[in-house]
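In mature numbering (1 follows the signal peptide of the UniProt record, and there is no 0), the protein residues as written are -22 to -1, 1 to 289.
All residues carry an ideal CB built from backbone N, CA and C; glycine is no exception.
These figures come from a predicted structure and were not determined experimentally.
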């Protein structure tokens, strides 16, 4: 596996910013998730344009690279927009738990598209991750009875769809590591504007205006934080495997629990915590087994070389 300490720090920073962004999204009550996402895309586009101009980045590549950029932008927009549904309709810790089952889907996608191996540890990870998702999603165990069934379904479906789309997006970015992160983020934000407009017209058929005052500042912060976290994510994927980055991103689960408890004053249920532990175990198992196997193989090679020298 390819690994870089700087990329790991960038992925951890992206995870922290993601939890803060989720908290901010949950505080906006006058707009829906699609509208928040559209405004974030518009704000990110405005923030990236000066960077593109200053560094004189090229925005147009060959046909194949442009097609990959477009595909990544569409899938990335689906991931983030779906994730916003989780933040809007679920407590941020539950939304984060469901969304960061991403590494399990990354395993499947890596096996299919990147021809990566899927062994026993990966299959055990899938089983525990599905168990964790069931525990987190089961309404009688985890969800507040005051919440409507429709909103609960929207939040759960959005988080899981976002997890699958995020796994695809992480794998696709690994195919265009030669393109600067600012350019990848620009394509993502630019495609997000018409994407959100089309979704909003299908979902509600009309635009809503946000409330003046605190919500306006929250929307600006969402755009800025989303822009920085997207840059960190793309930069982390330039030289580190998608599976390692997706595992590092799961640290957002910890931050989400902390923010939910100390900022929103919401305590998660026991079954939600148990499901979270199952998901974290499923995420951690595969890299731990890989690390142990790698050290064992190096130890065996060292012993073999020492025996050859002795002989």
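First and last residue of the uninterrupted alpha helix (DSSP H) at residue -16 = Position 7 of the chain shown, counted from the first residue, corresponds to residue -16. It spans -18 to 5 - the alpha helix (DSSP H) in which residue -16 sits, taken as one unbroken run.
Are there 16 or more other CB atoms within 10 angstroms of the CB of residue 40, so buried, or fewer, so exposed?
-> As a first step, residue 40 must be located in the chain shown, where it is residue number 62. Residue 40 should be labelled exposed.
Output the boundary residues of the alpha helix (DSSP H) element that contains residue 43.
-> Along the chain shown, read from residue 1 onward, the residue named residue 43 stands at position 65. From DSSP, the alpha helix (DSSP H) with residue 43 extends over 41 to 67.
Per-residue burial, residue 89 [other beta carbons within 10 Å of its own, 16 or more giving buried] = Taking the first residue of the chain shown as 1, we reach residue 89 at position 111. Exposed.
Keeping to the same chain, check which residues put their C-beta closer than 6 Å to that of residue 213; ignore five residues upstream and five downstream.
-> Numbered from its first residue, the chain shown carries residue 213 at position 235. Closer than 6 Å at Cβ, skipping near neighbours: -13, 159.
Sort 162, -16, 114, 71 by Cα distance to residue 46 and report the nearest one.
-> Here residue 46 is taken as the residue at index 68 of the chain shown, counted from 1. Per the Cα distances, 162.
6 Å CB neighbourhood of residue 121 in its chain, flanking five on each side removed = For the purposes of this step, residue 121 is taken as the residue at position 143 of the chain shown. Bear in mind that the predicted position of residue 121 carries a pLDDT of just 46, short of 50, making it unreliable; the figure below should be weighed with that in mind. Within the same chain, residue 121 has close Cβ partners 130.
By Cβ distance, which residues of its chain are closer than 8 Å to residue 123, with the 5 residues on each side in sequence left out?
-> Reading the chain shown from its first residue, position 145 is the one you call residue 123. Confidence at residue 123 is low in this model, with a pLDDT of 47, below 50, so the placement of that residue should be treated as unreliable; the coordinate-derived value is given next. Contacts found: none.
Select from 194, 12, 270 the residue whose C-alpha is nearest the C-alpha of residue 136.
-> Here residue 136 refers to the residue found at position 158 of the chain shown. Checked all of 194, 12, 270; the closest Cα to residue 136 is 12.
Would you kindly report the start and end of the unbroken alpha helix (DSSP H) that includes residue 206?
-> If you number the chain shown from 1, residue 206 lands on position 228. Note, residue 206: alpha helix (DSSP H), 192 to 214.
Please determine, among -10, -15, -17, -18, the residue with the shortest C-alpha to C-alpha distance to residue 207.
-> Walking along the chain shown from the start, residue 207 turns up at place 229. Here the closest residue by C-alpha is -10.
Just mark residue 241 as buried or exposed, buried being the case when its beta carbon has 16 or more other beta carbons within 10 Å.
-> Sequence index remark: in the chain shown, residue 241 carries index 263 (1-based). Exposed.
Neighbourhood of residue 147 by C-beta distance below 8 Å, restricted to the same chain and skipping five residues each side | Counting from 1 along the chain shown, the entry for residue 147 is found at position 169. Excluding residues within five positions, the ones whose Cβ falls inside 8 Å are 50, 53, 54, 57.
Does DSSP classify residue 240 as helix, strand or coil?
-> Residue mapping note: residue 240 aligns to position 262 of the chain shown, counting from 1. Residue 240 falls in the helix class under three-state DSSP.
Per-residue DSSP class, three states only, for residue 36 | Taking the first residue of the chain shown as position 1, residue 36 is located at position 58. Of the three classes helix, strand and coil, the one that applies to residue 36 here is coil, per DSSP.
Under the rule that 16 or more other beta-carbon atoms within 10 Å means buried, what is residue -2, buried or exposed?
-> Indexing the chain shown from 1 puts residue -2 at position 21. Looking at its Cβ environment, which holds 16 or more other Cβ atoms inside 10 Å, residue -2 is buried.
Assigned exposure category for residue 178 - 16 Cβ within 10 Å defines buried = Walking along the chain shown from the start, residue 178 turns up at place 200. So residue 178 ends up on the buried side.
How big is the Cα-Cα spacing for residue 27 and residue 169?
-> Position 49 of the chain shown, counted from the start, is the residue given in the question as residue 27. Position 191 of the chain shown, counted from the start, is the residue given in the question as residue 169. If you take the alpha carbons of residue 27 and residue 169, they lie about 14 Å apart.
Out of curiosity, what's the CA-to-CA distance linking residue 5 and residue 270?
-> Counting from one through the chain shown, the residue named residue 5 turns up at place 27. Counting from one through the chain shown, the residue named residue 270 turns up at place 292. Their backbone Cα atoms lie some 43 Å apart in a straight line.
N- and C-terminal bounds of the alpha helix (DSSP H) containing residue 9 = Mapped onto the chain shown, residue 9 falls at position 31. It is not in any alpha helix (DSSP H) - residue 9 carries neither H nor E in the DSSP assignment.
When you compare only the Cα positions, how much space is there between residue 250 and residue -4?
-> Reading the chain shown from its first residue, position 272 is the one you call residue 250. Reading the chain shown from its first residue, position 19 is the one you call residue -4. Distance between the alpha carbons of residue 250 and residue -4: 17 Å.
For residue 165, name the three-state secondary structure that DSSP assigns.
-> Residue mapping note: residue 165 aligns to position 187 of the chain shown, counting from 1. Helix.
Could you pull out every residue in the same chain whose Cβ sits closer than 7 Å to the Cβ of residue 20, ignoring the five residues on either side in sequence?
-> The sequence position of residue 20 within the chain shown is 42, counting from 1. Cβ neighbours of residue 20 beyond the five flanking positions: 171.
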